Ligand SMILES: Cc1ncc(C[n+]2csc(CCOP(=O)(O)OP(=O)(O)O)c2C)c(N)n1
Ligand SMILES: [Mg+2]
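Residue numbers (our numbering), protein chains in the order written: chain A, 303 to 467; chain B, 531 to 1100.
So this is what it looks like as structure tokens:
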């Protein structure tokens, strides 16, 4: 089962490597991972998407929590939540028909074309992992994909619930 | 105002560190210089940094205090890794201070540079790379706090050379207390869960108390004993928990697991409630988890939540320190006056006595060759069961665990989790340094002792009169046993050919060596060894090479699938 864990940790050198190291050391999956400081600069928030049955997820949560640098861990997929991933995708855009097609497709997905040259587009799209996957599939039928960069998932639980409290 | 090097020494003194096990080198010379005049701290120069870590480890296991290691950067630091991993696996509090190259050249492959924080990461509880001299006192205070609290473990403090520069002085501020928002281990168990566990235990017909190293860390043997006696429970100790409940007590069914007693493994397998205190259901205990104790409801107390339901799911998990939880439980018992079902327990004990009647530790003596079991029994007699016994890893370790019933905690000191050959001797040295009036013994084998034998020199320098009882079977016995049982007797590289003359060797280091090969002379030689109180005595005892350790669980089987003696050869 796919799960998204949100981790609040000390914004200190080495803290990230402890988490990544823990995952590889114990054979847990990392599908993707994002991390950045929060509004409180002394804290970082890390979001990791992983897979495993309930037992594995419980172990991962406990193991991450045990790290001395970690303040809190929450499986945001346990409840109502919002998840977003940002993608930049560079595609060939040479003929005017292709350019029109891709503009249309981007509009349907609410993606934005953020860079234009005589032969390429860079399209930006934010959304769930599934939406980004669907866009890639769709654009592939229209043009040649030159490169893709995705940020990995970040997320928050809905409502009052927060990692801070 | 003080230099970083002075701060290190001052902080250690303030924390109350009495002994440091270490080895100097370029990156820590400034710290060593500051140590030169320090009062109240004794530094012991080892002969290999791995041994320094094991000494600090033995020191910590015997006393419960944090052991301290000081080494230089690069090879000095990497040499400690096995020792750190050993301590980590067994949850032993230790602080390792390692030198590092100056911050200005970190990352440039400078001479003797090694990323110690990175290298040690998977085997430490936590680690610090100190970047500013002013941070030294608070970091060291944190390191000791983290090492000793919660589930204890080793903590590395990496100290770049420029921050300990004796020429640069900084204000010294030692914290009054350590506060960390991200680290607050839970010691008090959940009352509701404790109540539920107690209720389950009281309703049990075939209960068992399963005690691990966590009970030793929690220093609550008296509480455990009183609790077990009050409820008339059978008790089994893990390899790490020996002595937490007295091995000499009539309710003790002995050690459980791979080389556990017949009665311990039978009691576990047939139990209806297992009350686990500070034990972690590891694979050397459970055998095949799929077949593990099919009828048992599991009540599991551990200070580390990750230990609960890791391999075997707990029905009633309780996160907390064993002593606190047991104290709460005892209070509940006092209030209610409840007890276990006396009739059911009587029937259970009848069954257990029948298993005991199997007499699984019996072995055949010979008048020609010394049996290893006999050596441990002789050691027990000579030390009246009161010694601190450190062990190496192999058959001799299992014989030690099975044939020396420990009546007190912290007396059995062995590498249970990592199984580190070379641990026993330096650990015994650490014990002797911590408790100079105690009798400190190392049980070892001809293979293991050679993995840290250089420390004979350290013992000479500081007068550390440990007793080394070497069960010399001229083989990597435990490997050989597996080869006998699983590989059709193909002894691939399990011989120790060209063993040294151990007696001459220890004499060359200035100590006393005694060789014994005649069973009739064993007891007398043992008495002689322990009569030489101020000498390091090395007993090179030639034992039967073909002896195996039994009982032994059968691979992939249940807890109670055991061999009790050598199977008929095919
Ligand atoms: C550092 C290390 N290397 C290898 C092993 C694997 N091993 C376990 S027991 C053993 C044999 C130990 O031989 P010895 O010390 O003579 O003890 P014996 O079994 O003969 O009593 C070996 C090689 C280990 N535990 N530790
Ligand atoms: Mg041997």
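Ideal placement from N, C-alpha and C gives every residue a C-beta, glycine not left out. Because the structure is a prediction, the values reported are computed rather than measured.
By Cβ distance below 7 angstroms, which residues in the same chain neighbour residue i in space, the five residues on each side in sequence not counted?
{"i": "residue 604 of chain B", "result": "642, 643, 644"}
{"i": "residue 1100 of chain B", "result": "At residue 1100 of chain B, the pLDDT of 46 sits below 50, so the modelled position is not reliable; the number obtained from the coordinates is stated separately. So no residue of the chain qualifies."}
{"i": "residue 855 of chain B", "result": "719, 724, 831, 848"}
{"i": "residue 1020 of chain B", "result": "1013"}
{"i": "residue 444 of chain A", "result": "400, 403, 404, 407"}
{"i": "residue 1064 of chain B", "result": "995"}
{"i": "residue 596 of chain B", "result": "590, 623, 624, 625, 674, 677, 678"}
{"i": "residue 985 of chain B", "result": "576, 577, 581, 955, 956, 959"}
{"i": "residue 1095 of chain B", "result": "1080"}
Could you please give the first and the last residue of the uninterrupted alpha helix (DSSP H) stretch that includes residue i?
{"i": "residue 520 of chain B", "result": "There is no way to answer for residue 520 of chain B, as the model of chain B reaches only from 531 to 1100."}
{"i": "residue 858 of chain B", "result": "852–866"}
{"i": "residue 1097 of chain B", "result": "No alpha helix (DSSP H) contains residue 1097 of chain B, which DSSP labels as neither H nor E."}
{"i": "residue 721 of chain B", "result": "721–733"}
{"i": "residue 984 of chain B", "result": "Counting along the chain, residue 984 of chain B falls outside any alpha helix (DSSP H), and DSSP gives it neither H nor E."}
{"i": "residue 643 of chain B", "result": "Unbroken run through residue 643 of chain B: none, as it is neither H nor E."}
{"i": "residue 948 of chain B", "result": "No alpha helix (DSSP H) holds residue 948 of chain B; DSSP gives it neither H nor E."}
Considering residue i, what are the terminal residues of the beta strand (DSSP E) in which it resides?
{"i": "residue 799 of chain B", "result": "Here residue 799 of chain B belongs to no beta strand (DSSP E); instead the alpha helix (DSSP H) covers 792–799."}
{"i": "residue 1101 of chain B", "result": "Outside the modelled stretch of chain B, which goes from 531 to 1100, sits residue 1101 of chain B, for which no answer is possible."}
{"i": "residue 426 of chain A", "result": "422–429"}
{"i": "residue 1045 of chain B", "result": "1042–1046"}
{"i": "residue 956 of chain B", "result": "Careful: residue 956 of chain B lies outside any beta strand (DSSP E), inside the alpha helix (DSSP H) at 954–964."}
{"i": "residue 628 of chain B", "result": "624–630"}
{"i": "residue 832 of chain B", "result": "827–832"}
Classify residue i as buried or exposed, calling it buried when 16 or more other Cβ atoms lie within 10 Å of its own Cβ.
{"i": "residue 566 of chain B", "result": "exposed"}
{"i": "residue 803 of chain B", "result": "buried"}
{"i": "residue 889 of chain B", "result": "exposed"}
{"i": "residue 907 of chain B", "result": "buried"}
{"i": "residue 449 of chain A", "result": "exposed"}
{"i": "residue 1092 of chain B", "result": "buried"}
{"i": "residue 861 of chain B", "result": "exposed"}
{"i": "residue 634 of chain B", "result": "exposed"}
{"i": "residue 419 of chain A", "result": "exposed"}
{"i": "residue 308 of chain A", "result": "buried"}
{"i": "residue 1017 of chain B", "result": "exposed"}
{"i": "residue 1050 of chain B", "result": "exposed"}
{"i": "residue 376 of chain A", "result": "buried"}
{"i": "residue 315 of chain A", "result": "exposed"}
{"i": "residue 816 of chain B", "result": "buried"}
{"i": "residue 432 of chain A", "result": "exposed"}
Does the separation of the CB atoms of residue i and residue j fall below 9 angstroms?
{"i": "residue 999 of chain B", "j": "residue 971 of chain B", "result": "yes"}
{"i": "residue 1070 of chain B", "j": "residue 1026 of chain B", "result": "no"}
{"i": "residue 737 of chain B", "j": "residue 728 of chain B", "result": "no"}
{"i": "residue 1004 of chain B", "j": "residue 1072 of chain B", "result": "yes"}
{"i": "residue 686 of chain B", "j": "residue 631 of chain B", "result": "no"}
{"i": "residue 735 of chain B", "j": "residue 874 of chain B", "result": "yes"}
{"i": "residue 911 of chain B", "j": "residue 1053 of chain B", "result": "yes"}
{"i": "residue 558 of chain B", "j": "residue 602 of chain B", "result": "yes"}
{"i": "residue 808 of chain B", "j": "residue 742 of chain B", "result": "yes"}
{"i": "residue 946 of chain B", "j": "residue 978 of chain B", "result": "no"}
{"i": "residue 656 of chain B", "j": "residue 683 of chain B", "result": "yes"}
{"i": "residue 599 of chain B", "j": "residue 610 of chain B", "result": "yes"}
{"i": "residue 417 of chain A", "j": "residue 424 of chain A", "result": "yes"}
{"i": "residue 943 of chain B", "j": "residue 588 of chain B", "result": "yes"}
{"i": "residue 333 of chain A", "j": "residue 393 of chain A", "result": "no"}
{"i": "residue 607 of chain B", "j": "residue 637 of chain B", "result": "no"}
{"i": "residue 784 of chain B", "j": "residue 766 of chain B", "result": "yes"}
Could you pull out every residue in the same chain whose Cβ sits closer than 6 angstroms to the Cβ of residue i, ignoring the five residues on either side in sequence?
{"i": "residue 382 of chain A", "result": "460"}
{"i": "residue 671 of chain B", "result": "705, 708"}
{"i": "residue 805 of chain B", "result": "731, 739, 829"}
{"i": "residue 560 of chain B", "result": "535, 694, 696"}
Going by beta carbon distance, what residues of the same chain come within less than 8 angstroms of residue i, once the five residues before and after it are set aside?
{"i": "residue 345 of chain A", "result": "310, 311, 312, 313, 339, 373"}
Quick check: the region 1009–1022 of chain B against the region 952–963 of chain B, are there 3 or more CB pairs under 8 angstroms?
no
Given 8 angstroms as the limit, is there contact between the region 423–430 of chain A and the region 399–413 of chain A, that is, 3 or more CB pairs closer than that?
yes
Contact between the region 356–376 of chain A and the region 317–327 of chain A: three or more CB pairs below 8 angstroms?
yes
Stretch pair the region 771–785 of chain B + the region 930–949 of chain B: three plus CB contacts closer than 8 angstroms
yes
Assess, as a yes-or-no matter, whether the region 778–796 of chain B is touched by the region 876–885 of chain B under the definition of 3 or more beta carbon pairs within less than 8 angstroms.
yes
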